[in-house]
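K.L.:
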Amino acid sequence: MLFHQPTQHVASTLSMKSFFKLSSYFMILRRVYNSPLATRGGRARCKELMTKMLRLSPQSVRTGPSARGEERLQDGAEILNSTVKALKDGQVVAVPTDTIYGLACLAQNSNAIKKLYDIKGRNGQKPLAICVGEIKDIYKYCKVSVKEELIGELLPGPVTLVLERAEVLNTDLNPFTPLVGVRIPDHAFMRRLCQMCGEPLALTSANISSHSSTVAIHEFQDLWPLLAVVVDGGPIGDKSRLGSTVVDLSVLGKYRIIRPGCAFSSTVDVLEHKYGLSEDTGDQ
Numbered sequence: 032m033l034f035h036q037p038t039q040h041v042a043s044t045l046s047m048k049s050f051f052k053l054s055s056y057f058m059i060l061r062r063v064y065n066s067p068l069a070t071r072g073g074r075a076r077c078k079e080l081m082t083k084m085l086r087l088s089p090q091s092v093r094t095g096p097s098a099r100g101e102e103r104l105q106d107g108a109e110i111l112n113s114t115v116k117a118l119k120d121g122q123v124v125a126v127p128t129d130t131i132y133g134l135a136c137l138a139q140n141s142n143a144i145k146k147l148y149d150i151k152g153r154n155g156q157k158p159l160a161i162c163v164g165e166i167k168d169i170y171k172y173c174k175v176s177v178k179e180e181l182i183g184e185l186l187p188g189p190v191t192l193v194l195e196r197a198e199v200l201n202t203d204l205n206p207f208t209p210l211v212g213v214r215i216p217d218h219a220f221m222r223r224l225c226q227m228c229g230e231p232l233a234l235t236s237a238n239i240s241s242h243s244s245t246v247a248i249h250e251f252q253d254l255w256p257l258l259a260v261v262v263d264g265g266p267i268g269d270k271s272r273l274g275s276t277v278v279d280l281s282v283l284g285k286y287r288i289i290r291p292g293c294a295f296s297s298t299v300d301v302l303e304h305k306y307g308l309s310e311d312t313g314d315q
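Using the working numbering, the first residue of the sequence shown is number 32, and each one after it goes up by one.
1. Give the DSSP bridge partners of valine 211, in chain order.
2. Which term fits arginine 99, buried or exposed, when burial requires 16 or more other beta carbons within 10 angstroms of its beta carbon?
3. Is the beta carbon of glycine 212 sitting closer than 8 Å to the one on leucine 192?
4. Would you call the CB atoms of alanine 117 and glutamate 230 closer than 8 Å?
5. Assuming valine 199 is part of the alpha helix (DSSP H), what are its boundary residues?
6. Tyrosine 148 to leucine 234, Cα distance in whole Å?
7. Run through DSSP, which three-state label would arginine 86 get?
8. Drop a sphere of 10 angstroms on the beta-carbon of threonine 128, count the other beta-carbons inside from all chains shown, and report buried for 16 or more, exposed for fewer.
9. Using 10 angstroms around the beta-carbon of aspartate 300, count the other beta-carbons present and answer buried if the total reaches 16, otherwise exposed.
10. Nearest-angstrom Cα distance between glycine 264 and tyrosine 132?
11. Strictly by DSSP, which residues pair up with histidine 242?
12. Please go through the same chain and pick out, in chain order, the residues whose beta-carbon is closer than 6 Å to the beta-carbon of leucine 257, but skip the five residues on each side of it.
13. Which two residues bound the contiguous beta strand (DSSP E) that contains glycine 133?
14. Which residues in the same chain have their Cβ closer than 8 Å to the Cβ of proline 291, if we skip the five residues on either side of it in sequence?
15. Under 7 Å Cβ to Cβ from serine 244, same chain only, skipping five residues before and after it: list those, please.
16. Under DSSP, the beta strand (DSSP E) around tyrosine 286 begins and ends at which residues?
17. Would you mind giving the Cβ-Cβ distance between leucine 232 and alanine 135, rounded to the nearest angstrom? I have them listed as a contact below 8 Å.
18. Enumerate in chain order the residues of its own chain whose CB-to-CB distance from valine 199 is below 8 Å, with the five nearest sequence positions on each side excluded.
19. How many Å lie between serine 309 and isoleucine 288 at the Cα?
20. Could you say which of Cys293, Glu184, Ala259 lies nearest to isoleucine 110 if we only look at CA atoms?
21. Thinking just about the alpha-carbon of each residue, which of Thr312, Ile161, Glu180 is nearest to the one in cysteine 228?
22. Beta carbon of alanine 125, beta carbon of valine 246: below 8 Å?
Right, here's the structure in full:
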């Protein structure tokens, strides 16, 4: 009853000026009441669909060669636990990476994968990448034909390696191809999230299919009510929205750039000049 417009009887006892002021006041209250967020202590919930909005502290976000992950992630323990629970419940979450924001679910959960495609409005013939926490995990879910040192040069980092998939990987994930892209973001929260889940995440950009990639959570606000958790890692810096560089390494001694992405030059330099791979042009 609080948000009903004043009745005709009330309006008749007020001047027109007072009436419009009162009407404006009620409109503002209605917007606040219907707002999807109710912020408190850096966390909020979308009121109707109970989307958890969780904000990472700055020290919980990035990692690097000299960073000690456990110390940098201590403040994010509660957020990690909430996100892991949502993923293990078969839900889809939004997460920051080292390039753009992503949508993620458990790669081994077929129902969650379908939900991810539905939320994104993605063509079922477009593949999803997987995200793991450590280089050793790549060998569980992919058949690797390049040196481990080469992988270590590129990952963790803004690169997706396309490799032959292993039999243990969910057959409902990209069933139309024998290959799969795999990522290890240079991002402390994401790496720890994968480690705690104990299995790979299916990962794609946090946007409606064919729309621009996103580097802040407000840019995909329309998707919030469809997600169980939105992890706010803050703006992802001076990124070009190109996403990771995607390179196919499934052919021995060859590489093929599928998407140039944001690390094209450095990736090609490693592949050609340091490890002697040649570009696969498709010529027989």
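Just so it is clear, CB atoms sit at the ideal spot from N, CA and C, and this is done for glycine as well.
P.N.:
For this structure:
1. By one-based count along the sequence shown, residue 211 stands at place 180. Looking at the DSSP output, valine 211 bridges to Leu194.
2. Sequence index remark: in the sequence shown, residue 99 carries index 68 (1-based). Residue placement at arginine 99 is flagged as unreliable, the pLDDT there being 42, under the threshold of 50; the coordinate-derived value follows with that caveat. By the neighbour-count rule (16 or more Cβ atoms within 10 Å), arginine 99 is not buried but exposed.
3. Here the question's residue 212 lines up with position 181 in the sequence shown. Here the question's residue 192 lines up with position 161 in the sequence shown. Yes, the Cβ-Cβ distance between glycine 212 and leucine 192 is below 8 Å.
4. Position 86 of the sequence shown, counted from the start, is the residue given in the question as residue 117. Position 199 of the sequence shown, counted from the start, is the residue given in the question as residue 230. No. Outside cutoff.
5. Indexing the sequence shown from 1 puts residue 199 at position 168. For valine 199, there is no enclosing alpha helix (DSSP H), as DSSP marks it with neither H nor E.
6. Walking along the sequence shown from the start, residue 148 turns up at place 117. Walking along the sequence shown from the start, residue 234 turns up at place 203. If you take the alpha carbons of tyrosine 148 and leucine 234, they lie about 11 Å apart.
7. Within the sequence shown, residue 86 is the residue found at index 55, counting from 1. Note: arginine 86 maps to strand in three-state DSSP.
8. Here residue 128 refers to the residue found at position 97 of the sequence shown. Note on threonine 128: 16 or more other CB atoms within 10 angstroms of its CB, so buried under the neighbour-count rule.
9. Taking the sequence shown and counting its residues from 1, one reaches residue 300 at position 269. Residue burial is scored here from C-beta neighbours: aspartate 300 has fewer than 16 other C-beta atoms within 10 angstroms and is therefore classed as exposed.
10. Position 233 of the sequence shown, counting from 1, holds the residue named residue 264. Position 101 of the sequence shown, counting from 1, holds the residue named residue 132. Here the alpha carbons of tyrosine 132 and glycine 264 stand approximately 9 Å from one another.
11. The residue you call residue 242 lines up with position 211 of the sequence shown. Beta bridge pairing from DSSP links histidine 242 with no other residue.
12. Counted from its first residue, the sequence shown places residue 257 at position 226. If we look at leucine 257 and ignore the five residues flanking it on each side, its Cβ neighbours are Ile150.
13. Along the sequence shown, one-based indexing puts residue 133 at 102. Residues 132-137.
14. Along the sequence shown, read from residue 1 onward, the residue named residue 291 stands at position 260. Same-chain partners within the cutoff: Leu273, Thr276.
15. By 1-based counting over the sequence shown, the position of residue 244 is 213. Ile131, Ser236, Asn238, Arg272, Gly274, listed in sequence order.
16. Translated into the one-based positions of the sequence shown, residue 286 becomes position 255. Element bounds for tyrosine 286: 285-290.
17. Your numbering for residue 232 matches position 201 in the sequence shown. Your numbering for residue 135 matches position 104 in the sequence shown. Contact flag correct, Cβ pair sits at about 4 Å.
18. The count along the sequence shown starts at 1 and reaches residue 199 at position 168. Here valine 199 has Lys171, Tyr172 as same chain residues with Cβ atoms under 8 Å from its own Cβ, once five neighbours each way along the sequence are excluded.
19. Numbered from 1 along the sequence shown, position 278 holds the residue referred to as residue 309. Numbered from 1 along the sequence shown, position 257 holds the residue referred to as residue 288. Serine 309 and isoleucine 288 have their alpha carbons spaced roughly 11 Å apart.
20. Start at 1 with the first residue of the sequence shown, and residue 110 comes out as number 79. Nearest of Cys293, Glu184, Ala259 to isoleucine 110, Cα basis: Ala259.
21. Here the question's residue 228 lines up with position 197 in the sequence shown. Among Thr312, Ile161, Glu180, the Cα nearest to that of cysteine 228 is on Ile161.
22. One-based indexing of the sequence shown puts residue 125 at position 94. One-based indexing of the sequence shown puts residue 246 at position 215. Their beta carbons are not under 8 Å apart, which means alanine 125 does not touch valine 246 by this criterion.
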